[in-house]
Amino acid sequence: MTTATKPERHRQTSSTRSSALSPAAVNSPLHYSIIPKDLAGHIFEVTLTIAAPSETGQLVSLPAWIPGSYMVRDFARHIQQISASCGGKKIGLKKLDKHTWQAAPCKAALTISYEVYAWDLSVRAAHLDQTHGFFNGTSVFLSVHGQQHLPHVVDLQRAADPACKTWRVATALTELKAKRYGFGTYIARNYDELIDHPVEMGDFALATFEACGVPHDFVVTGKVPNMDMDRMVVDVRKICESQIALFEPRSKKAPMDRYVFMIMAVGEGYGGLEHRASTALICNRNDIPLKHQPGMSEGYKGFLGLCSHEYFHTWNVKRIKPAVFADYDLSRENYTSLLWLFEGFTSYYDDLMLVRAGVIDEAAYLKMVAKTMNLVTRGSGRKKQSVAESSFDAWTKYYRQDENSPNAIVSYYTKGSLVALGLDLTIRAATAGKKSLDDVMRVLWQQFGRDFYAKALTAKQQGLAENEIESVIMKATGVDVRRFLDKYVRGTEDVPLAKLYADFGVAVDAGDNSQKASLGIKVVRDGQDCKIANVFEGHAAHLAGLSALDVLIAINGLRVTAADIADGLSAATGRYRVGETVEIHAFRRDELMTVHAKLQAEDMPAVSLSIASSGKTPGLNRPSSQKKNRQ
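Here is the structure:
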């Protein structure tokens, strides 16, 4: 039996704070070169040279998943034409499983050459065409078993294609012989650091600013006519400085020496992936502000929230980690029930930091919270799955959602953010405003995050144990939250935000949809047809026998088309009263069916938040250390 059958683990053993590289590090025994070989064919060519391969036959593998995106993606499926050579002669390279190869024993340097198909326009993998190149290390760099702790040198090469003549490079990797933004050699202290620094290459827009003395690059790839880069830089700088001050209120010291925002602007898309000193973001180009454009669009608020979310991960999940992620296994799923804390708390602070930084006002912030409350309470899955269970099942349920997901699961992002809000309100109320969730985050930072990478030099890194958060909160605030967590984290009860908000001058209006007739479905466009995406259990369509993926044809003899999607069928059903029965024709696959549905009252949550007329001020948008004690 070979060691390939054992899980490959990647110990995180480096700090992003730079120091002088030793001669041994510069003369690394592991050297990669990567070149955009075929832009139209979307092929990166990678060559890995191993100076001292294993005498019994070197094992190499590619990760099955990327940290921050909890789904097995099997990146090795995009590797093609892989081969090995030693001393200029081809040697055997045997594939042992879906992502592991073993080279024949050799007594000289081993070279492995392979091609990677890169046509995934997302933040998770790799993409290459005539407009740009982008990759995460997990998609392109084979891990050399037994040598992951050694320095890794990467030679980023410019392609001969004329389209690449003016391309530049954006990455947080440390330059070795390359110049900033240039092609050439870069270095990582180990494999974990190598795969935690994505690379963007192309003719991107670039701005640089400092936040608390640390340089930040803001890189935008994609066509955005009249982009207001100056406005984005001003707003994002405020957000970054607010977050640095949250974790280090005295020193204002950031945990990295340099940070890079990499934004891909596309026609349609939204998402981000965090890294220790950078983030990869994708957004709709219409969300980016234009020069001389007045006001702040909802799309731009969402974009700033995305920047804030991924930047907050610099502390919360990249350094403060669940224990199971302190030494993760990239060959298989790593289970934790704590994503409600690491993603949920981050989702709470991302919008909160916008108002603390002064880029949005309090009313806009409360509107964002209300939107999240409505989103969470829309699905009945929240009554069946706790956020702790949702965290554990991320690999199989959250990242593999289907048409029944609203009836079966709850999001650890959205409900997790409401849990964080509820905890913040609970702590502030119990301590008369002297403590808040900020104090919890700072204790987590001091105990687990601040020295996470540095500790690897002398000891094994530590992460937050599965049942440790109660004691951390008690240590930070003196508040016992065990009952709260039992009910709203390990249990499925809704966080009672209306009750908790009452003490802080925020009024919660539940809204009233009782007069609107509804089928209880979500519809999407399918060509010129109107297709059911989700059927909410217990509602009119479900009780009538309609299912997700059915195509609606007519309601009471009036045709339903894609044009009806814009208002969610409100016009089509608004002709009728609650309690009336309508005849519906629909196609299921290629079979026409007729059903009769008794319309129910629209129960789409319509919560809104506002400052109460009592004249009290919430004070929730300031750190607890800046809030006057409540009497």
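Position 485, counted from 1, in the sequence shown is what full-length UniProt numbering calls 485; the numbers after and before it change by one each time, with no gaps.
Even glycine gets a Cβ: it sits at the ideal position worked out from N, Cα and C.
Note that the coordinates shown come from a computational prediction; the quantities given were computed from them, not determined experimentally.
Return yes when the Cβ of Thr314 is within less than 8 Å of the Cβ of Phe325, no when it is not.
no
So does the stretch 126-136 actually touch the stretch 193-212, counting three or more Cβ pairs closer than 8 Å?
The stretch 126-136 vs the stretch 193-212: in contact.
Exposed or buried, residue 672, counting other C-beta atoms within 10 Å across all chains shown (16 or more means buried)?
The chain is shown from 1 up to 631; residue 672 falls before or after that span and cannot be answered.
Going by DSSP in three states, Ile187 sits in which element: helix, strand or coil?
The answer is strand: DSSP assigns Ile187 an E or B state.
According to DSSP, residues forming a beta bridge with Trp101:
Val60 and Lys95
Counting beta carbon pairs with one atom in the stretch 287-294 and one in the stretch 79-88, are three or more of them shorter than 8 Å?
no
Which residue wins for smallest C-alpha separation from Leu421, given the options Lys460, Val495 and Arg400?
Comparing Cα positions, the closest option is Val495.
Give the DSSP bridge partners of Cys530, in chain order.
According to DSSP, Cys530 bridges with Arg525 and Leu552.
List the DSSP bridge partners of Lys264.
Position check: residue 264 holds Met in this sequence, whereas Lys was assumed. Paired residues: Thr221 and Ile282.
Rounded to a whole number of angstroms, what is the C-alpha to C-alpha distance between Lys238 and Gly579?
52 Å
If you draw a straight line from the C-alpha of Gly433 to the C-alpha of Thr426, how long is it?
10 Å
Considering only C-alpha positions, which residue in the set Asp97, Ala108, Arg77 and Leu96 is nearest to Ala118?
Arg77
With 8 Å set as the bound, which would you pick, yes or no: does the beta-carbon of Leu549 sit closer than that to a beta-carbon of chain C?
Going by chain labels, chain C is absent from the structure shown, which holds only one protein chain.
Classify Ala108: buried if its beta carbon has 16 or more other beta carbons within 10 angstroms, exposed otherwise.
exposed
Do Ala188 and residue 674 have their beta-carbon atoms positioned less than 8 Å apart in this structure?
In the structure as shown, the chain starts at 1 and stops at 631, and residue 674 therefore has no counterpart that could be examined.
Mark Glu389 as exposed unless 16 or more other C-beta atoms lie within 10 angstroms of its C-beta, in which case mark it buried.
buried
When the Cα of Thr100 is compared with those of Val116, Ala125, Tyr70 and Ala64, which residue comes out closest?
Ala64
Specify whether the stretch 215-234 and the stretch 259-272 touch according to this definition: at least 3 beta carbon pairs, one from each stretch, less than 8 Å apart.
yes
Would you kindly check if the distance between the Cβ of Asn534 and the Cβ of Ala601 is under 8 Å?
Asn534 sits away from Ala601, with the two beta carbons spaced by 8 Å or more.
Would you please state the rounded distance, in angstroms, between the beta carbons of Glu298 and Gly272? I believe it to be under 8 Å.
Taking a contact as a CB-CB distance under 8 Å, the pair Glu298 and Gly272 does not count as one, their CB atoms being some 18 Å apart.
Counting C-beta neighbours from all protein chains within 10 Å, is the total for Arg124 16 or more, i.e. buried, or is it exposed?
buried
Let me make sure I understand the geometry here. Which of Gln81, Tyr70, Val60 and Gly520 has the alpha-carbon closest to that of Leu96?
Here the closest residue by C-alpha is Val60.
By the 10 Å Cβ neighbour count, where 16 or more other Cβ atoms means buried, how is His127 classified, buried or exposed?
buried
Does DSSP put Phe504 in a helix, in a strand, or in coil?
In the three-state reduction of the DSSP assignment, Phe504 falls in the coil class.
Taking the C-alpha atoms as reference points, what is the distance between Gly213 and His149?
31 Å
Measuring CB to CB, does Thr111 end up less than 8 Å from Thr49?
yes
Which residue wins for smallest C-alpha separation from Val537, given the options Ala408, Ser610 and Asp590?
Sequence inspection shows Glu at residue 537; the Val mentioned does not correspond to that position. Per the Cα distances, Ala408.
Pairwise C-alpha distance: Val233 and residue 644
Nothing can be reported for residue 644, as the shown portion of the chain is limited to 1 through 631.
Is the separation between the beta-carbon of Val154 and that of Phe44 shorter than 8 Å?
no
Could you check what DSSP says for residue 637 in three-state terms: helix, strand or coil?
Absent from the structure is residue 637, since the part of the chain shown begins at 1 and ends at 631.
Write down the C-beta distance between Trp340 and Val224 rounded to the nearest angstrom, noting that I regard them as a contact closer than 8 Å.
Not a contact, Cβ separation roughly 35 Å.
Per DSSP, which one or two residues make a beta bridge with Lys90?
Looking at the DSSP assignment, Lys90 forms a beta bridge with Ser85.
Pull the bridge partners of Phe135 from the DSSP assignment, please.
According to DSSP, Phe135 bridges with Ala126 and Val199.
Reduced DSSP category for Val595 - H, G, I as helix; E, B as strand; rest coil:
strand
Could you work out which residue in Ala211, Arg285 and Asp526 is closest to Asn226 when comparing CA atoms only?
Arg285
Close-in-space but distant-in-sequence residues of the same chain around Ser139 (CB under 6 Å, 5 per side omitted):
If the five residues before and after Ser139 are omitted, its C-beta is found closer than 6 Å to the C-beta atoms of Phe75, Ala125 and Ala126, all from its own chain and listed in chain order.
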